[in-house]
Every structure is written in structure tokens, then in C-alpha cells.
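Down below is the structure, laid out as C-alpha cells.
Number of protein chains: 2
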Amino acid sequence: MSEVKVIEIHENVFKANDEAADRLRKNLTSKKVCMINVMSSPGSGKTTALSKLINMLKTELNVGVMDVDIKTSMDAQKVADATGVRSLQIHNGGLCHIDAEMTEKAIEQFGVDGLDLVFIENIGNLVCPAEFDTGAHKNIMFLSVPEGDDKPLKYPLMFSVCDLIIISKMDTKDFFDFDLEKATKNIRKLNKKATIIPISAKTGEGMEELAKWVKAEVKEISGRA
Amino acid sequence: MSEVKVIEIHENVFKANDEAADRLRKNLTSKKVCMINVMSSPGSGKTTALSKLINMLKTELNVGVMDVDIKTSMDAQKVADATGVRSLQIHNGGLCHIDAEMTEKAIEQFGVDGLDLVFIENIGNLVCPAEFDTGAHKNIMFLSVPEGDDKPLKYPLMFSVCDLIIISKMDTKDFFDFDLEKATKNIRKLNKKATIIPISAKTGEGMEELAKWVKAEVKEISGRA
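Just so you know, the protein sequences line up as chains A and B, in that order. Note that the numbering used here has the first sequence beginning at 114, numbered continuously upward. Note that the numbering used here has the second sequence beginning at 114, numbered continuously upward.
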């Protein structure tokens, strides 16, 4: 296998990316804007849950959303329609992730003055986005019940780099062989510190706890409660 | 965005990969072994459905399975336990796809003499695996009902390169806002030729049709019915 060659290329890419990410993070911190990078598989329910979450937060916080997609603008449109907050669709030209340089340029175009919180909804992929620090203050992910409780073991880097792991679509748990205790154990093998919140955007389960977590993170950066 | 630079690098990678893929495909054809590359999101149900399918095929065909995973051997073990056919787990060292050179080396190690059909169960990812021809004769994918009927528009390359698109977990369709007609329309915008088969590994829906499709492809290569 040509593994060594690939890893060497990756190391250079990652080093440059880490520098860009640190620069962006410092810049956002100085502006008191908290950025949260949201990752998951395709179809985990992140657009729907984010829309509901933003509606819970928007009376207290100024929120913006940047949606990453290969080609369509469906997600940015959905969030804008559901919440009325400012959203930007980033087309990443077929790539499997978004890196810090792309995020930095998107942030420049988006303009964050006056915002307390910006979500980046990353491309649906459990592998590549985990490798690229976007410059966000926090990384969060959705694991949806239909995907199965074994996914942490299969996509270990993603579950390792996240500060918050949301178990979504909990209203469907009776339909699938999903064991929340087993999922939690699998996550803990990789990540001792991450907060784990089971939610259902449909029934509202866990949404208050999620909003509370996000508000605490925003307070850390912006000083706003 | 540094898009142009990325595309240039990709072009060289893809050219070398296409050559390796053609070489592997010719080699397999000369041995009368049909290889089918199976792709999907994480948690689409491909391991479970493949196991059931192999149990339907194994009385008539000699089948082998190569499972690609970042780190675990769970999938190869599951298929081996459920079917008794020979399986190999490929650990791809954290990469987001498998390319033709990696597949070629895996095939050498696996040994395909006497086999009529080899499945490669690719890594769960709707972006990167679509970019790399593995050398397989046919590309097939699973789109599971919980992921949503809009996914073809969001991951267009994957839906364009597949010869067969399996809509899986059809038994859960009443639980989700999944419109099969809409999914089919979305697929047809990208891919006029692909066969579309809705299945449920749980209820058995569509499994006979799927087995028939696979047997016809094997016959093309191996001459065996």
C-alpha cells in the first residue's frame, strides 16, 4: 500500500491548515464571535435540529449559519426559511470537507460583525471533516439512531475530536436495534470528555439541554449569557 | 478558494488510478471473477443486506467478500458469521476511500481463484469513494430511507457513477418523510440508466430482485448463471 506517501502529503497539508485555523480562531475570539463546527453522516438530521435550536437561541443571541454543500443550496435555504437568521451556502466544489482557509474566506464574505454565534454545517461525511480543523471554537457531531450504536468504533477520529456528541432521531429508537448505553460505552473508549446529549428534533427531547450547552460555549467567547 | 490547485493534484491521482483499475478489471475478467463495489453512507445497512444476499446466492455461486474499514474487523466478521463465505478485512489506515492499487493488493492477498463473485464493501462515505475507480465491474450503492430522499442532489457524483441504486430499510418508510417517487426523480436527474431497487433486509422486500440483478452481472463475466 502507498500509505507512507499519502501520510507525508497529509502532514504538510495539516500543518498549513492548523496555522490557518489558529489564525481564524484568534480573529473570531477577538471579535467575540463563537464559531461551532457541526459534523455528521449524510441524513443525520442536522439541518432540522439546527433550525429548531436556532429558533430557541435567537431571542437571546445573534446567530448566523454557513452551510457547506457540494452543489445545492438546499440546507442554507431550509435554515433561512425556518429561522429567518442570516445564512450563507458554501459550495466546496466536490470536496469531502471544508478546511480552515476555505472557512476563513467564507467568514470574510459572510461578515460576522454583530454576531455572537456562527454555526458551520459541514459536509455529511464521518471521515475527512474530522481531519481538518476549521478554526471553530468547538466541534460537535450528530450520530443518528438509524446509523447504529457501533459507529464510534468504525469512525474513531470523528468521535475523538468532538466536544459534543448529539445522538439524534431518538424518537425512532424502538424501530432500530440502537442501544444508547452501548453507544455511550463505544464513545467513551475514544473520548472521555465529550458531552453526550440524546435528542429528538421531532419530540423536543434533549433540545433544552442542547441549547444550554451552546449558550455556555457562547458565553465563554462572547461574554453574553 | 484554492480549488484549482486541488483539482490539478486530483487529476494526476485519478489518471494513475484509472490505469490501475483497468488493469485489475481485465485481470479479473480473464479469471471469470466478477467484482462488485458496494458504497453508501455509514449505517445504511449494507453489511446486513449483503449477508442476506450472499446466503441467497451461495448455493449457486462461489462468493467472497472484502470489507474496508478504518480500524475494526467487525464487518468482515459479521459477514463471515452470517454466511460462512470467505471474507477479508482491509484496514485502510484512516483513509476515506479505497483506490484501485489498494484493491489490487487486497485481491492478490485474498486470492480469487475459484470464485465467481467478489464484493468489496467500501468505507461508509458518499463523497470520496465515488471518485476512485476500484477496478470493479459494477458500482452499486445503498441509500437508506432514514437518510432522506434529497440525498442524490447533495452527493451527485456518487449517484452518477452507480449501476445499481438500492433504497434500503424500506420497512421504516412510514417513520420518515421519505418519498420514493421523489427519490427516484432526484436520481434520474443525475443518472438515467441505473437500476433502482427498493429493499428491506428485515422483511425481504426486493431481495429476490436484487439477487436476480447480481446473478445477471456475474453471468456477463463468468458465464455462470
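We treat Cβ as the ideally placed atom computed from N, Cα and C, and that holds for glycine. Just so we're clear, the structure is a prediction, and the values are computed from it rather than from any experiment.
- Taking C-alpha positions only, T160/B is separated from K191/B by approximately 8 Å.
- By the C-beta criterion, the segment 271-280 of chain A is judged to be in contact with the segment 296-316 of chain A, since at least 3 inter-stretch pairs fall below 8 Å.
- Proximity of chain A to E260/B at the Cβ level (cut-off 7 Å) is accounted for by P155 and G156, in chain order.
- Under the DSSP assignment, E234/B falls in the beta strand (DSSP E) whose first and last residues are L230 to E234.
- As for any beta strand (DSSP E) of minimum length 3 sitting wholly inside the segment 127-178 of chain A, the runs are 147-153, ordered along the chain.
- Interface flag for P265/A against chain B is unset, since no Cβ pair is found closer than 8 Å.
- According to DSSP, L201/A shares a beta bridge with M179/A.
- Within the same chain, Cβ atoms closer than 7 Å to the Cβ of F272/A are found at P265, I278, I300, L303 and N304, the five residues on either side in sequence being excluded.
- Around M148/B, the same chain offers L141, V231, A249 and H250 as residues with beta carbons nearer than 6 Å, after the five sequence neighbours per side are excluded.
- Annotation for F223/A: the continuous alpha helix (DSSP H) segment containing it runs A213 to F223.
- The closest CA to that of S164/A, considering only G227/A, A195/A and D292/A, is found on A195/A.
- Taking the CA atoms as reference points, F291/A sits about 15 Å from F288/B.
- With respect to A314/B, G207/B sits apart: the two C-beta atoms are not nearer than 8 Å.
- Between the alpha carbons of T316/A and S153/A lies a gap of roughly 21 Å.
- For a cut-off of 8 Å, the C-beta gap from N175/B to G227/B is around 6 Å, short enough to register as a contact.
- Contact between D182/A and S200/A is absent: CB atoms are separated by about 12 Å, not below the 8 Å threshold.
- DSSP assignment within the segment 244-312 of chain B yields the following whole beta strand (DSSP E) runs of 3 residues or more, N-terminal first: 251-257, 277-281 and 308-311.
- Residues of the segment 175-190 of chain A with a C-beta less than 9 Å from any C-beta of chain B: D182, I183, K184, T185, M187 and D188, listed in chain order.
- Nearest CB-CB separation between C275/B and chain A: not below the 8 Å threshold.
- With respect to the C-alpha of I211/A, the residue from V225/A, F223/A, I233/A and A193/A having the closest C-alpha is I233/A.
- Using a CB distance cut-off of 8 Å, F245/A does not count as an interface residue toward chain B.
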